[in-house]
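Student:
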Amino acid sequence: MPAYDAFLLVSFGGPEGPNEVMPFLENVTRGRGIPRERLAGVAEHYYAVGGVSPINQQCRDLLAAIRADFGASGLSLPVYWGNRNWQPYLTDTVRTMAQDGVRRAVAFATSAYSSYSSCRQYLDDIEQARAAVGPDAPVIDKIGRFYDHPGFTG
Numbered sequence: 006m007p008a009y010d011a012f013l014l015v016s017f018g019g020p021e022g023p024n025e026v027m028p029f030l031e032n033v034t035r036g037r038g039i040p041r042e043r044l045a046g047v048a049e050h051y052y053a054v055g056g057v058s059p060i061n062q063q064c065r066d067l068l069a070a071i072r073a074d075f076g077a078s079g080l081s082l083p084v085y086w087g088n089r090n091w092q093p094y095l096t097d098t099v100r101t102m103a104q105d106g107v108r109r110a111v112a113f114a115t116s117a118y119s120s121y122s123s124c125r126q127y128l129d130d131i132e133q134a135r136a137a138v139g140p141d142a143p144v145i146d147k148i149g150r151f152y153d154h155p156g157f158t159g
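The sequence shown runs 6 to 159 under the numbering used here.
1) Can you say whether A142 is buried or exposed, counting buried as having 16 or more other CB atoms within 10 angstroms of its CB?
2) DSSP three-state call for R109: helix, strand or coil?
3) Using C-beta distances below 7 Å, list every residue in its chain close to R65, excluding the 5 sequence neighbours before and after it, in chain order.
4) Does DSSP put I39 in a helix, a strand or coil?
5) Output the distance between the C-alpha atoms of A134 and T96, rounded to the nearest integer angstrom.
6) Go ahead and pull the three-state DSSP assignment for F157.
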């Protein structure tokens, strides 16, 4: 097993207030030609719960549990979090990891099931983030749901 110097949680991301809902939806659907009226309809679902998706808090809670488990096990491994579609953005996180001197990380995605959008797209986004950061970007190995997708090719 390779030696890792960081853990990366990769998630979808979500708005954390009403003013973030439409920019978030526009980001998620960029380039797909989704009519503005449809986005407005989806936005109403977010507004009905205060404009906040639960996913970011769930990630914060998961990160706290991971840090606690790492600490209890004597594992001194920094934990990072990057989202595909909202803050903290994956590319920004990978850039921070590089600045922190991370050379090899293991990533876990919060995807709930295997499909292109919950597997291959995460892999593609990790590679795009690494490319955007450049040659100092850490190698990022993947665990978890990444391997469950029938089209996974490593």
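Note that the Cβ used here is the ideal one computed from N, Cα and C, for glycine as well. Just so we're clear, the structure is a prediction, and the values are computed from it rather than from any experiment.
Tutor: The short version:
1) If you number the sequence shown from 1, residue 142 lands on position 137. Classification for A142: buried.
2) Residue 109 sits at position 104 when you count from the first residue of the sequence shown. Of the three classes helix, strand and coil, the one that applies to R109 here is strand, per DSSP.
3) The count along the sequence shown starts at 1 and reaches residue 65 at position 60. For R65, where only same-chain residues beyond five positions count, there are no Cβ hits under 7 Å.
4) On the sequence shown, position 34 is the one that residue 39 refers to. In the structure shown, I39 sits in coil (DSSP, three-state: anything other than H, G, I, E or B).
5) In the sequence shown, residue 134 corresponds to position 129, counting from 1. In the sequence shown, residue 96 corresponds to position 91, counting from 1. Taking the straight line joining both Cα atoms gives about 4 Å.
6) Counting from one through the sequence shown, the residue named residue 157 turns up at place 152. The pLDDT assigned to F157 is 42, lower than 50, so where the model puts this residue is not dependable; a value taken from the coordinates is nonetheless given after this. Coil, per DSSP.
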